[in-house]
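If you read the sequence shown in our numbering, its first letter stands for residue 6, the second for the next number, and so on.
No residue lacks a Cβ here, since even glycine has one placed at the ideal position from N, Cα and C.
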Amino acid sequence: MVPQALTRRTVYNRSLSGALILNSGYEPIKVVNWRKAICLWFQDKVEVLEFHSVSVSSPSRSYQLPAVVRLKQYVRPYLSLTVRLSRQNIFLRDNHICQYCHMKFSEKRLTIDHVTPLSKGGKHEWTNVVTACSSCNNKKGDKTPEKANMRLLTRPEKPRWLPNRDLDLEGNRLPSAWRPYLAAR
Ligand SMILES: [Zn+2]
Numbered sequence: 006m007v008p009q010a011l012t013r014r015t016v017y018n019r020s021l022s023g024a025l026i027l028n029s030g031y032e033p034i035k036v037v038n039w040r041k042a043i044c045l046w047f048q049d050k051v052e053v054l055e056f057h058s059v060s061v062s063s064p065s066r067s068y069q070l071p072a073v074v075r076l077k078q079y080v081r082p083y084l085s086l087t088v089r090l091s092r093q094n095i096f097l098r099d100n101h102i103c104q105y106c107h108m109k110f111s112e113k114r115l116t117i118d119h120v121t122p123l124s125k126g127g128k129h130e131w132t133n134v135v136t137a138c139s140s141c142n143n144k145k146g147d148k149t150p151e152k153a154n155m156r157l158l159t160r161p162e163k164p165r166w167l168p169n170r171d172l173d174l175e176g177n178r179l180p181s182a183w184r185p186y187l188a189a190r
């Protein structure tokens with residue numbers, strides 16, 4: 006268990022204190038908060054590959070927060086299958102960026118667009134849903150991107166893992182320690 010003093014202490018920058026969990030084969034599978042990461046470490050379930058510069062203290066010692074950890078035992082990638090197809094998860098996958106105008110919006114101003122409209126036989130599945138701002142969604146209407154003459158920023162795919170809601174995966178806010186492990190994905 007994590008010592009009480011550790012759990013009570015506030016880590017100021019939550020978004021930069023999470024840990025990226027890699028499977029034993031180094032595939033990124035999940036992001037967890039620092040407490041969970043320290044628990045896994047204390048339980049000897051992971052090896053720590055990178056640390057954050059932030060540390061937390063208990064009465065007896067201080068701990069640098071793990072930034073990237075690797076599971077000692079392989080976990081079947083069922084974890085990735087459990088990424089639920091929900092509004093929030095779609096926004097997270099697309100980084101809250103409208104896939105048509107490439108601008109970033111708050112959740113309130115975002116909608117889900119079916120690339121091939123449901124009325125044209127499109128399905129409600131990861132590969133047919135994208136994040137769209139309401140004005141792009143209106144503009145596209147009940148058309149395919151080709152018909153509407155609107156190009157998609159990226160082809161929608163089923164995500165293999167999802168970051169925490171608190172994490173901003175945009176550019177420089179991503180912990181630098183994670184980058185080498187995400188680069189090849
Ligand atoms: Zn837009």
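Buried or exposed: residue i, going by 16 or more other Cβ atoms within 10 Å of its Cβ?
| i | result |
| --- | --- |
| Asp171 | With a pLDDT of only 46 at Asp171, under the threshold of 50, the placement of this residue in the model should not be trusted; the figure read from the coordinates follows. Burial call: exposed. |
| Lys125 | exposed |
| Ser181 | exposed |
| Cys103 | buried |
| Lys163 | exposed |
| Tyr105 | buried |
| Arg190 | Caution is warranted here: a pLDDT of 47 is assigned to Arg190, below 50, making its placement in the model unreliable, and the coordinate value is therefore given only provisionally. Exposed, since its Cβ has fewer than 16 Cβ neighbours within 10 Å. |
| Gly23 | buried |
| Leu86 | The predicted position of Leu86 is uncertain, since its pLDDT is 45 and thus under 50; a value taken from the coordinates is nonetheless stated next. Answer is exposed; the Cβ neighbour count stays below 16. |
| Arg114 | exposed |
| Arg98 | buried |
Pick out whichever of the options has its Cα sitting closest to the Cα of residue i.
| i | options | result |
| --- | --- | --- |
| Val120 | Glu52, Ser63, Arg98, Pro161 | Pro161 |
| Leu70 | Cys44, Ile117, Leu90 | Cys44 |
| Pro185 | Val73, Ser63, Arg66 | Val73 |
| Phe56 | Tyr68, Asp118, Phe110, Leu158 | Tyr68 |
| Trp39 | Cys141, Met155, Val59 | Val59 |
| Leu27 | Val61, Tyr79, Gln48, His107 | Tyr79 |
| Leu123 | Gly146, Met155, Trp46, Tyr31 | Gly146 |
| His129 | Arg89, Gln48, Arg66 | Arg89 |
How many whole angstroms separate the CB atoms of residue i and residue j, which I take to be in contact at a CB cut-off of 8 Å?
| i | j | result |
| --- | --- | --- |
| Leu25 | Trp183 | 5 Å |
| His101 | Thr136 | 7 Å |
| Leu187 | Pro33 | 6 Å |
How about residue i and residue j: are their beta carbons less than 8 Å apart?
| i | j | result |
| --- | --- | --- |
| Thr116 | Ser139 | yes |
| Ser29 | Arg81 | no |
| Val36 | Ile95 | no |
| Pro150 | Leu157 | yes |
| Lys50 | Lys77 | yes |
| Asn143 | Asp118 | no |
Using a Cβ-Cβ cut-off of 8 Å, state whether residue i counts as contacting chain E.
| i | result |
| --- | --- |
| Leu27 | Included in the structure is just one protein chain, with no chain E present. |
What are the start and end residues of each continuous alpha helix (DSSP H) run of 4 or more residues lying completely inside the region 73–102, in chain order? Assignment of alpha helix (DSSP H) within the region 73–102, counting only whole runs of 4 or more residues, yields 83–86, 92–98 in chain order.
Which full runs of the beta strand (DSSP E) of 3+ residues lie inside the region 102–127, going along the chain? With a minimum length of 3 residues, the continuous beta strand (DSSP E) runs that stay inside the region 102–127 are 115–119.
Alpha helix (DSSP H) runs contained entirely in the region 15–63, provided each spans 4 or more residues: Here the runs fully enclosed are 39–47.
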